[in-house]
Amino acid sequence: MKLQITLVKSPIASLPKHKATVAALGLKKVGHTVVLPDNPCVRGQIFAVKHLVKVEEVNE
165 MKLQITLVKS PIASLPKHKA TVAALGLKKV GHTVVLPDNP CVRGQIFAVK HLVKVEEVNE
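Per my numbering, the very first residue in the sequence shown carries number 165; after that it's consecutive.
The structure is reproduced here in structure tokens:
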């Protein structure tokens with residue numbers, strides 16, 4: 165299973181740690197979407213910036 169992650173809020177006013185996490189997920193602009201594998205590492209990154217992203221499960 166994979167996760168579709170979309171950046172829905174700008175990280176400009178966020179903590180530097182949150183900005184780095186958004187960049188590590190591969191998200192660049194608001195509305196940008198990436199598909200990543202569902203594993204504990206990615207889940208932890210999503211949890212750290214859950215107020216900035218929208219997550220959906222994708223079956224591939």
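Backbone N, C-alpha and C define an ideal beta-carbon position, used for all residues, glycine too.
As the structure is a prediction and not an experimental result, all values here were calculated from the model.
Nearest Cα to Ile169 within the set Asn223, Ala212, Val198: Val198.
The bridge partners DSSP lists for Ile169 are Val198, Val219. Around the C-beta of Val213, 16 or more other C-beta atoms lie within 10 Å, and the residue is accordingly described as buried. For the pair Lys181 and Val194, the CB atoms are not nearer than the 9 Å cut-off.
An exposed status is given to Pro204, since fewer than 16 other beta-carbon atoms sit within 10 Å of its beta-carbon.
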